[in-house]
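Numbering (our numbering), first residue to last: 3 to 175. Yeah, the Cβ is synthetic: ideal placement off N, Cα and C, and Gly gets one too.
In structure tokens, the structure reads:
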């Protein structure tokens, strides 16, 4: 299953990569000690790739300024968020349930990093979670599958206050 997490960051990409890697290691701390999970960083000059037993994250470092500008404008127009770092996430299907919960913990750590905008979309580019101007919103307009992974028990792993919002209430579907 493919997802995209878009964040706003002023950090250099290499610094952001290190912070993201450290956050994932922190979330999997107990599993790493017990050798139940492997976290690996296979980043290079063109791409950041951080993988673990349940999912992998990638950030293309070779993106041109024009692409990032169009990406920012698209997210601002479509979702009201100002983000400049697209992070592609691929979950291992058979372990999605565990991976999703761990990813929510990682997102919670990203929320603590700064108060900038953030957008989390599923494989259909459907917005699930977004933070605008420091306020976290969870989309209540979801199908049964999305409602399962946006359950209150799961969202508690964000460790961040949020409001429930129908992201499509004022749009035509």
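Start and end residues, alpha helix (DSSP H) containing residue i
i           : result
residue 101 : 98-115
residue 77  : 67-81
Enclosing beta strand (DSSP E) for residue i [first to last residue]
i          : result
residue 42 : 41-43
Secondary structure of residue i, DSSP reduced to three states
i           : result
residue 9   : strand
residue 36  : coil
residue 137 : strand
residue 24  : helix
residue 30  : coil
residue 48  : coil
residue 132 : strand
residue 175 : For residue 175, the pLDDT reaches just 47, beneath the cut-off of 50, and the residue's location in the model is therefore unreliable, although a value from the coordinates is still provided. Residue state, collapsed to three classes: coil.
residue 18  : helix
Residues that residue i bridges to, as DSSP identifies them
i          : result
residue 60 : 51, 90
*Would you call the segment 107-114 and the segment 18-30 in contact, with 3 or more CB pairs under 8 Å?*
yes
*Count the C-beta pairs between the segment 136-155 and the segment 53-72 that are closer than 8 Å, then say yes if the count reaches three, no if not.*
no
_Stretch pair the segment 92-105 + the segment 51-60: three plus CB contacts closer than 8 Å_ = yes
*Meets three-Cβ-pair contact criterion under 8 Å: the segment 136-145 and the segment 159-171*: Contact holds: three or more Cβ-Cβ distances are below 8 Å.
*At a cut of 8 Å, does the segment 37-54 reach the segment 68-81 through at least three beta carbon pairs?*
Cβ pair count under 8 Å is below three, so no.
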